[in-house]
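Asks:
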Amino acid sequence: MNQPEKNKISKKDVFLEVKNYALITICLFVIALGWTAFLIPNNMLGGGVNGIAVIVYWVSGLSTGVTIFALNAILILFSLKVLGWKFGLKTIYCIIVMSVFFSLLQRYITAPVITDKFLAAVIGGGIGGFANGIIFLSGGSTGGVDIITMVVNKYRNISLGRFTLAMNLVIIGSSFFVLSGVPLERIELIIYSLVGNFVSSYCMDLAFTGSKQSVQMFIFSSKPQVIADRIGNEMHRGVTLINGKGWYTKQDNDIIMVVARKTECQPVIRIVKQEDPKAFVSVNTVMGVYGKGFEAMKK
């Protein structure tokens, strides 16, 4: 008898991968729009590899394109070994597509959408950071220091936004020594750039951790076995039955305990309502859940 091929790709896998790339493409467009419509026209400085490339250009005159390509090539080769070939392919895709979006949008957007530098930094950094967080969730990266962030996050439980912000603070801060103009003008430009990076890092964490929040649910029902079976079969979540006793009724009854993602909360409640409309459900947000089906235990 021929055994089924373990590595056979199903239509569902193809659809999910196409959907994943479509979402990444939309997010790349949003990032490019945030930079070309709000940040670049207002002379905002960026962090990451792009910021390093600009500083190198100011100091040595070396083309920013050459620096960006060289640094990203080194980081991508490193990511292929540590994060896997899928991450590397998505990163290459992100770098190419985002470059195209930047070129197209800069051709048509010649003036800032908002002239107020503070508001431009908040909007541009906010939408860019949120979109970047979604790309991280999709297993991709826009390249540059994002790759370093993903490598560190694989082994350490750290905030992606904060780690990226720390590196960008160093990059943007160092631009003070190569920018032209009086010191006050340089400091003002750096401050607005830092505002955009603070907002970007916050929105990146919001997008990245928001979908990973977990809840602990206690379900009190007269049909615990039926509800537990449906949650296990339909939601593919582990269920624990705890021996309990209703003090008012003085009757023994099992209490259902479920730990699930926050996005899975409503489907579980829907199952409970269908089986026992009179059930009582308690939902609590938990700080972190580690183990199979959730976050891996890291150092």
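Residues -7 to 291, numbered by my numbering, are exactly what the sequence shown covers, in order. Built from N, CA and C at the ideal position, the CB exists for glycine as well.
#1: Should Phe27 go down as buried or exposed, given a rule of 16 or more other Cβ atoms within 10 Å for buried?
#2: For Asn64, is the classification buried or exposed, using 16 other Cβ atoms within 10 angstroms of its Cβ as the cut-off for buried?
#3: Please confirm whether Ala220 and Ile248 have their CB atoms less than 8 Å apart.
#4: Write down every uninterrupted run of the beta strand (DSSP E) in the stretch 180 to 216 whose length is 3 residues or greater and which is fully enclosed by it, in chain order.
#5: In whole angstroms, give me the CA-to-CA distance for Asn235 and Phe128.
#6: Run through the DSSP bridge pairs and tell me what Thr277 is partnered with.
#7: Whole angstroms is fine: what's the gap from Asp246's alpha carbon to Lys237's?
#8: Go through its chain and collect everything with a Cβ distance to Val231's Cβ below 7 Å, but skip five positions before and after it.
#9: Quick one: residues in its chain with C-beta nearer than 8 Å to the C-beta of Ile32, no 5 flanking neighbours on either side, listed in chain order?
#10: Looking at the unbroken beta strand (DSSP E) that takes in Leu233, where does it start and where does it end?
#11: Mind checking whether Gly39 and Met159 have CB atoms under 8 Å apart?
#12: Does the pairing of the stretch 6 to 19 with the stretch 98 to 107 give three or more beta-carbon distances under 8 Å?
#13: Would you decide whether Asn276 is buried or exposed? Buried here means 16 or more other CB atoms lie within 10 Å of its CB.
#14: Excluding the 5 residues flanking Ala113 on each side, which residues of the same chain have their C-beta closer than 8 Å to its C-beta?
#15: From the DSSP output, which residues share a beta bridge with Arg253?
#16: Report the rounded CA-to-CA distance for Pro(-4) versus Ser2, giving the unit in angstroms.
#17: Could you say which of Tyr282, Thr83, Val273 lies nearest to Ser130 if we only look at CA atoms?
#18: Helix or strand or just coil, what does DSSP make of Asn35?
#19: How is Ile101 classed by DSSP in three states: helix, strand or coil?
#20: Which of the three DSSP states, helix, strand or coil, is assigned to Gly283?
#21: First and last residue of the alpha helix (DSSP H) that includes Ala24?
#22: Whose C-alpha, out of Phe61, Phe122, Ser52, Asp108, is nearest the C-alpha of Leu20?
#23: Distance check for Met196 and Leu157, CA to CA, integer angstroms please.
#24: How is Ile106 classed by DSSP in three states: helix, strand or coil?
#25: For Phe272, which beta-bridge partners are listed by DSSP?
#26: Nearest to Glu256 by CA position, among Val48, Trp239, Val89, Arg229, is which residue?
#27: Are there 16 or more other CB atoms within 10 angstroms of the CB of Lys109, so buried, or fewer, so exposed?
#28: Run the CB neighbour count on Tyr194, radius 10 Å, all protein chains shown included, and call it buried at 16 or more, exposed below.
Replies: Straight from the coordinates:
#1: By 1-based counting over the sequence shown, the position of residue 27 is 35. Strictly speaking, residue 27 in this sequence is Trp, with Phe absent from that position. It is buried - the Cβ of Trp27 has at least 16 other Cβ atoms within 10 Å.
#2: As a first step, residue 64 must be located in the sequence shown, where it is residue number 72. Its Cβ being crowded by 16 or more others within 10 Å, Asn64 is buried.
#3: Position 228 of the sequence shown, counting from 1, holds the residue named residue 220. Position 256 of the sequence shown, counting from 1, holds the residue named residue 248. Yes, Cβ-Cβ distance for Ala220 and Ile248 is below 8 Å.
#4: 206 to 212
#5: The sequence position of residue 235 within the sequence shown is 243, counting from 1. The sequence position of residue 128 within the sequence shown is 136, counting from 1. So the alpha carbons of these two residues sit roughly 41 Å apart.
#6: Taking the first residue of the sequence shown as position 1, residue 277 is located at position 285. Paired residues: Val207.
#7: Here the question's residue 246 lines up with position 254 in the sequence shown. Here the question's residue 237 lines up with position 245 in the sequence shown. Answer to the nearest angstrom: the Cα atoms are 8 Å apart.
#8: On the sequence shown, residue 231 is found 239 positions in, with the first residue counted as 1. These residues qualify, in order along the chain: Ala220, Ile223, Gly224, Ile248, Val250.
#9: Working through the sequence shown from its first residue, we reach residue 32 at position 40. Hits under 8 Å: Gln98.
#10: By one-based count along the sequence shown, residue 233 stands at place 241. Looking at the DSSP string, the run of the beta strand (DSSP E) that includes Leu233 is 231 to 238.
#11: To locate residue 39, count along the sequence shown from 1; it is residue 47. To locate residue 159, count along the sequence shown from 1; it is residue 167. Their beta carbons are under 8 Å apart, which means Gly39 touches Met159 by this criterion.
#12: no
#13: Within the sequence shown, the letter at position 284 stands for residue 276. It counts as exposed.
#14: In the sequence shown, the residue the question calls residue 113 occupies position 121. Within the same chain, Ala113 has close Cβ partners Phe30, Leu31, Asn34, Met36, Tyr184, Ser185, Val187, Gly188, Val191.
#15: Taking the first residue of the sequence shown as 1, we reach residue 253 at position 261. Ser206.
#16: Indexing the sequence shown from 1 puts residue -4 at position 4. Indexing the sequence shown from 1 puts residue 2 at position 10. Because the pLDDT of Pro(-4) is 47, which lies under 50, any placement of that residue in the model is unreliable, and the number read from its coordinates should be weighed accordingly. Roughly 12 Å separates the two Cα atoms.
#17: Within the sequence shown, numbered from 1, the residue matching residue 130 stands at position 138. For Ser130, the nearest C-alpha among the options comes from Thr83.
#18: Residue mapping note: residue 35 aligns to position 43 of the sequence shown, counting from 1. Asn35: coil per DSSP, three-state reduction.
#19: Taking the first residue of the sequence shown as position 1, residue 101 is located at position 109. The answer is coil: DSSP assigns Ile101 none of H, G, I, E or B.
#20: Taking the sequence shown and counting its residues from 1, the one referred to as residue 283 is at position 291. Note: Gly283 maps to coil in three-state DSSP.
#21: Here residue 24 refers to the residue found at position 32 when the sequence shown is read from its first residue. Unbroken alpha helix (DSSP H) run through Ala24: 3 to 26.
#22: For this step, residue 20 is matched to residue 28 along the sequence shown. It is Phe122 whose Cα lies nearest to the Cα of Leu20.
#23: Start at 1 with the first residue of the sequence shown, and residue 157 comes out as number 165. Start at 1 with the first residue of the sequence shown, and residue 196 comes out as number 204. Approximately 10 Å, taken between the alpha carbons.
#24: For the purposes of this step, residue 106 is taken as residue 114 along the sequence shown, with counting starting at 1. Ile106 falls in the coil class under three-state DSSP.
#25: Stepping through the sequence shown from its first residue, residue 272 is reached at position 280. According to DSSP, Phe272 bridges with Phe212.
#26: Counting from 1 along the sequence shown, the entry for residue 256 is found at position 264. Of the listed residues, the one whose Cα sits closest to Glu256 is Arg229.
#27: The residue labelled residue 109 in the question sits at position 117 within the sequence shown. Under this definition Lys109 is a buried residue.
#28: Along the sequence shown, read from residue 1 onward, the residue named residue 194 stands at position 202. Answer is buried; the Cβ neighbour count reaches 16.
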